[in-house]
Amino acid sequence: MMSVPVEWEQADTGASALGGDVENEIQCGGIPVRLLLSSTRVNTSAFTVKKGASIHEQRGQSWFIQRDYSGHGGAYWKLFSNLGKRVATLAVDGRILRG
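The number in my numbering is simply the position in the sequence shown, starting from 1, with 22 added.
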């Protein structure tokens, strides 16, 4: 199995546009640090608010996971960004399989 290197980048959260003191957050492959347990694992327990077929973050954020019923290659969850774009495919324990 081939591993893909993870790149870290500084994300601008738009503090100047919001007029508040919002801190920048480091992202791993586009996934916010607040959702990560490690560089290869997403904290799926952070998603507690069920809305239809998807489960959203409790903190009022708009990131969400959705059950992947195809299950190819060990996939169990699909992680979506606040824009509704699929960011990663996760195993049942939150390991990032593809992303």
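Quick reminder that beta carbons are idealized off the backbone N, C-alpha and C, glycines included.
May I have the straight-line CA-CA distance separating residue i from residue j, to the nearest angstrom?
i    : j    : result
K72  : H78  : 6 Å
Y91  : W99  : 8 Å
G51  : G74  : 27 Å
K76  : I118 : One point to set straight first is that residue 76 is Ser, not Lys, in the sequence displayed. If you take the alpha carbons of S76 and I118, they lie about 18 Å apart.
G95  : S61  : 20 Å
L101 : R56  : 14 Å
A97  : W85  : 18 Å
Let's see if you can read the secondary structure: which residues bound the beta strand (DSSP E) around residue i?
i    : result
S60  : L58 to S60
S76  : S76 to E79
T70  : F69 to K73
R120 : I118 to R120
Near residue i, what residues of its chain come up, given a Cβ to Cβ distance below 7 Å and the 5 sequence neighbours on each side ignored?
i    : result
G116 : L59, R63, V64, N65 and T66
According to the Cβ coordinates, are residue i and residue j closer than 8 Å?
i    : j   : result
N104 : Q83 : yes
A113 : I53 : no
In chain order, what residues of the same chain have a beta carbon less than 6 Å from the beta carbon of residue i, not counting five sequence neighbours either side?
i    : result
R120 : T111
Only counting the same chain, and skipping five residues up and downstream in sequence, which positions put a Cβ closer than 8 Å to that of residue i?
i   : result
Q80 : A68, F69, T70 and V71
Next item on the list: Could you tell me which uninterrupted beta strand (DSSP E) segments, each at least 3 residues in length, are contained entirely in the segment 89 to 114, listed from first to last along the chain?
Entry: 99 to 102 and 108 to 112
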